[in-house]
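K.L.:
Quick one: structure below, then a few questions.
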Amino acid sequence: MENEVFRLLSDALSMYLGTPSPHESQTGARFKAPHKGKATVYHEKIAIGNHAEVAFEPVSMARRLQMTEGELRAFLSELRISTGRPVLPNPQFDWPRVGVESAAHVALVADFLRQRLQTIP
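Residue numbers (the numbering used here): 34 to 154.
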């Protein structure tokens, strides 16, 4: 079920990734613009205790952030550790995820994108 943290995270990401579309499975929202980077924010089928999880499509996000896919995965792993939240990955896809429980976690994710995008000419 949608919740405040999910809405905050979706709103924060929309500043960088565009307008999300409802996920076809009704479990979240999907950012689909490849030139901005693809990501999905989930409010259902997530790890216990999380209010949201965000999964980043590694190829488009690495391209947008001017990182290698390996660098993106390493940074997202650090970001996941900084929130301290487990994730429930989709075994069908190999998209790195970050678990989000609070507005403070939303700020960490948004800051990652903002800081990285500020370094790109």
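Cβ atoms here follow ideal geometry from the backbone N, Cα and C, with glycine treated the same way.
Remember, predicted model here, so these are calculated numbers, not experimental data.
Out of curiosity, what's the CA-to-CA distance linking Q125 and T52?
P.N.:
Numbered from 1 along the sequence shown, position 92 holds the residue referred to as residue 125. Numbered from 1 along the sequence shown, position 19 holds the residue referred to as residue 52. The alpha-carbon atoms of Q125 and T52 are separated by roughly 25 Å.
K.L.:
Provide the residue(s) that pair with Y75 in DSSP beta bridges, ordered along the chain.
P.N.:
Working through the sequence shown from its first residue, we reach residue 75 at position 42. For Y75, which the question treats as bridged, DSSP gives the partners G61, E86.
K.L.:
Classify P154 as buried or exposed, calling it buried when 16 or more other Cβ atoms lie within 10 Å of its own Cβ.
P.N.:
As a first step, residue 154 must be located in the sequence shown, where it is residue number 121. P154 is exposed by the Cβ-count criterion.
K.L.:
Specify, as a first and last residue, the run of the alpha helix (DSSP H) that I142 falls within.
P.N.:
Position 109 of the sequence shown, counted from the start, is the residue given in the question as residue 142. For clarity, residue 142 is Val in the given sequence; the question names Ile instead. Unbroken alpha helix (DSSP H) run through V142: 136–151.
K.L.:
Measure the alpha-carbon distance for L46 versus A143 and round it to whole angstroms.
P.N.:
Residue numbering aside, residue 46 sits at position 13 when the sequence shown is read from its first letter. Residue numbering aside, residue 143 sits at position 110 when the sequence shown is read from its first letter. Taking the straight line joining both Cα atoms gives about 7 Å.
K.L.:
Among all the DSSP beta bridges, which residues are the ones paired with S54?
P.N.:
Sequence index remark: in the sequence shown, residue 54 carries index 21 (1-based). Per DSSP, R63.
K.L.:
Which residue or residues does DSSP assign as beta-bridge partners of V133?
P.N.:
Sequence index remark: in the sequence shown, residue 133 carries index 100 (1-based). DSSP, once it has assigned bridges, lists A85 as partnering V133.
K.L.:
Look at the Cβ atom of T73, then the Cβ atom of A88, and state whether they are nearer than 8 Å.
P.N.:
Here residue 73 refers to the residue found at position 40 of the sequence shown. Here residue 88 refers to the residue found at position 55 of the sequence shown. Going by C-beta atoms, T73 is nearer than 8 Å to A88.
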